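Let me begin by presenting the structure, written as structure tokens, before commenting on it.
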Amino acid sequence: MRTVIFVAVVVTVEAIGCGGGDGLLRDADGKTYVLRDLLDGRIWITDNLNLVHPDSYCYGDSASECLRYGRLYTWAGAAEACRLLGTGWRLPTDDEWRQLAKGDGGVRGDSEDDGQSAYTALLRGGVSGFNAVLSGGREVGGNYARIEEHGLYWSATQSDIDHAWFYNFGRGGGLLNRHSGGDKAMALAVRCIKTS
Numbered sequence: 565m566r567t568v569i570f571v572a573v574v575v576t577v578e579a580i581g582c583g584g585g586d587g588l589l590r591d592a593d594g595k596t597y598v599l600r601d602l603l604d605g606r607i608w609i610t611d612n613l614n615l616v617h618p619d620s621y622c623y624g625d626s627a628s629e630c631l632r633y634g635r636l637y638t639w640a641g642a643a644e645a646c647r648l649l650g651t652g653w654r655l656p657t658d659d660e661w662r663q664l665a666k667g668d669g670g671v672r673g674d675s676e677d678d679g680q681s682a683y684t685a686l687l688r689g690g691v692s693g694f695n696a697v698l699s700g701g702r703e704v705g706g707n708y709a710r711i712e713e714h715g716l717y718w719s720a721t722q723s724d725i726d727h728a729w730f731y732n733f734g735r736g737g738g739l740l741n742r743h744s745g746g747d748k749a750m751a752l753a754v755r756c757i758k759t760s
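Numbering (our numbering), first residue to last: 565 to 760.
Here it is as structure tokens:
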């Protein structure tokens with residue numbers, strides 16, 4: 565009986581670990597992330613990053629929110645935390661986020677439905693397997709806002725010296741938007757990518 569169970573576990577782990585870039589990744593804290601090779605040809609982590617870093621926060625300063633939603637990172641912290649996952653891992657650019665969204669209809673302004681299809685497909689439980697969550701964010705002054713209303717995700721692309729592009733899954737309109745004015749001192753959710 566024990567041998568059968570052991571063999572079943574080994575087969576399951578190997579099946580998850582092979583095939584087209586899908587698999588698992590373990591960070592330095594021992595947290596495991598599901599990887600997906602998505603339509604844009606890049607490997608994305610499909611959970612919000614939850615690697616402890618000095619420039620990161622749990623929503624409301626509550627450790628239980630990090631377990632539910634992952635950590636929120638400043639822009640510089642986000643880029644560094646992705647690199648800490650290992651060789652080739654990085655924060656996605658604005659263009660890479662747009663390409664990901666275009667595979668499911670596009671963001672508001674790039675799509676016929678103002679980003680509704682991409683919002684639905686990329687949200688947790690959507691057909692893409694990306695599993696975005698509405699994790700809110702931390703404002704520059706330290707206030708937390710928008711949990712379960714907005715999923716705010718950094719891109720690596722700066723719009724000017726103090727700001728960067730970010731993506732907003734907005735529950736109110738059921739839309740995926742992109743914004744150029746994200747103050748780099750805000751703390752937002754993070755997904756990391758690796759080119760397959």
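Idealized CB from N, CA, C, for every residue including glycine. Here the structure is a predicted model, which means the values were calculated and not measured.
Review point. Taking C-beta to C-beta, are S699 and G715 nearer than 9 Å?
Key: yes
Q. Can you tell me whether DSSP reads L664 as helix, strand or coil?
A. Helix, per DSSP.
**Study point:** Collapsed DSSP secondary structure at W608 in the structure displayed
**Key:** strand
Q. Where does the unbroken alpha helix (DSSP H) through T684 begin, and where does it stop?
A. 680 to 686
* Count the other C-beta atoms from every protein chain shown that fall within 10 angstroms of the C-beta of N741, then say buried if there are 16 or more, exposed otherwise. => buried
Original post:
Apart from the five residues on each side of it in sequence, which residues of its chain come closer than 7 Å, Cβ to Cβ, to A749?
Top reply: Taken in chain order, the residues that qualify are T638, V704.
Which term fits A709, buried or exposed, when burial requires 16 or more other beta carbons within 10 angstroms of its beta carbon? exposed
Measuring straight from C-alpha to C-alpha, what distance separates K595 and C646? 14 Å
Fill in: Cβ-Cβ separation, L739 to D678 (assumed contact under 8 Å), whole Å
5 Å
| task | Identify whether D586 lies in helix, strand or coil by the three-state DSSP scheme. | result | coil
- prompt: Roughly how far, in whole angstroms, is the beta-carbon of W718 from the beta-carbon of V754, given that I think they are within contact range, below 8 Å?
  reply: 6 Å
Taking the C-alpha atoms as reference points, what is the distance between G701 and A592? Answer to the nearest angstrom: the Cα atoms are 24 Å apart.
Residues bridged to N741 [DSSP beta-bridge criterion] = N732
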